[in-house]
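Report on the structure given below.
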Amino acid sequence: MTKARMEQFIKEILDSHNAYRKRHQAPALRLSQDLTESAQSWAEHIAGNDKLEHDTQCQKDKIGENVAMKYSSVHSDFPGNLFTDYWYREIEDYNFEGNVEDQIQCGHFTQVVWKASEEVGFGRAVSKSGRVYVVSRYRPAGNYMGEFGKNVLPPADGKIVLPETEQGKTAPMPGAKLEAVIGPNDPADQLVGTRMSTKTSGNKKTVMHTETYRTPEGNTYTKERETTSTVQDE
30 MTKARMEQFI
40 KEILDSHNAY
50 RKRHQAPALR
60 LSQDLTESAQ
70 SWAEHIAGND
80 KLEHDTQCQK
90 DKIGENVAMK
100 YSSVHSDFPG
110 NLFTDYWYRE
120 IEDYNFEGNV
130 EDQIQCGHFT
140 QVVWKASEEV
150 GFGRAVSKSG
160 RVYVVSRYRP
170 AGNYMGEFGK
180 NVLPPADGKI
190 VLPETEQGKT
200 APMPGAKLEA
210 VIGPNDPADQ
220 LVGTRMSTKT
230 SGNKKTVMHT
240 ETYRTPEGNT
250 YTKERETTST
260 VQDE
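Heads up, the sequence shown is in the numbering used here, so the first residue is 30 and it goes up one at a time.
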């Protein structure tokens, strides 16, 4: 990736972060040079190992961190906002009511919109197998127990809007537990992404399940299942 394209990638991922933060009544993040350098260093490290993992030093330094991996046999030039979208989609599982302090399973989403975070840095690296690894680091860190209520605010308009996925395909969420509805072609294939969309027309409700699997050889494929039911008026 050229320097100019990397700068564009960082602009895309930063702008998408701040667009989501604006929706959630949080101030914009500033790009930090030292966080960007450390994020880039870790991205190169995990790409070298071809393994998605967090840097334990971040917790010691009170730095927040999101990591993601994306693979395609066609290309590796994914836009920066695609990775922000992956993390943000965890909002589907976030409950803004009730016990908001016990939702660390949505930690990627909550770190993106964490109100008290002020600075951010991004890194990107590609492994020998073609997997793209992206690291995002935040200061001050988010996701502190007892502070979710005041730092993860609902959208100002009260509407939860999920991001569109690339070409309408799945948006795997790193670290999330994925459960299959359709199932793989072979038991050895790994489920790496799921998506469910619902459309209602009149009294007909159509649900589309989409699942992406990776074979042991590293190839990916997508399976879809559509079901239609009748919606009864109350």
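Quick reminder that beta carbons are idealized off the backbone N, C-alpha and C, glycines included.
Suppose contacts are defined by Cβ-Cβ distances below 8 angstroms. Is residue i in contact with residue j by that definition?
i, j, result
"residue 150", "residue 166", "yes"
"residue 130", "residue 174", "yes"
"residue 132", "residue 124", "yes"
"residue 182", "residue 53", "yes"
"residue 170", "residue 91", "yes"
"residue 210", "residue 72", "no"
List the DSSP bridge partners of residue i.
i, result
"residue 61", "None, per the DSSP bridge assignment."
"residue 238", "225 and 254"
"residue 95", "165"
"residue 230", "233"
For residue i, collect the residues of the same chain with a Cβ closer than 7 angstroms to its Cβ; drop the 5 residues on either side in sequence, then sort them by chain order.
i, result
"residue 136", "172"
"residue 105", "155, 159 and 161"
"residue 33", "none"
"residue 274", "Because the chain in this structure spans residues 30 to 263, residue 274 falls outside the shown range and cannot be described."
"residue 189", "120"
"residue 67", "150 and 166"
"residue 64", "148, 149, 150, 166 and 168"
"residue 122", "134 and 135"
What does a CB cutoff of less than 6 angstroms around residue i pick up in its chain, not counting 5 residues either side in sequence?
i, result
"residue 100", "160"
"residue 213", "242"
"residue 254", "211 and 238"
Specify, as a first and last residue, the run of the beta strand (DSSP E) that residue i falls within.
i, result
"residue 154", "148-155"
If you run the structure through DSSP and keep just helix, strand and coil, what is residue i?
i, result
"residue 168", "strand"
"residue 54", "coil"
"residue 219", "strand"
"residue 144", "coil"
"residue 49", "helix"
"residue 118", "helix"
"residue 132", "coil"
"residue 79", "coil"
"residue 211", "coil"
"residue 188", "coil"
"residue 34", "helix"
"residue 44", "helix"
"residue 74", "helix"
"residue 27", "Because residue 27 is not part of the residues shown, which for the chain are 30 to 263, the question remains open."
"residue 2", "Limits of the chain in this structure are 30 at one end and 263 at the other, which puts residue 2 out of reach."
"residue 193", "coil"
Among residues of its own chain, excluding the 5 on either side of residue i, which ones have a beta-carbon nearer than 8 angstroms to its beta-carbon?
i, result
"residue 43", "58, 60, 109, 149 and 151"
"residue 38", "30, 108, 109, 151 and 153"
"residue 81", "75, 96, 97, 98, 162 and 203"
Since residue i is in the alpha helix (DSSP H), which residue starts that stretch and which ends it?
i, result
"residue 85", "85-89"
"residue 125", "Residue 125 -> no alpha helix (DSSP H), and no H or E assigned at all."
"residue 180", "177-180"
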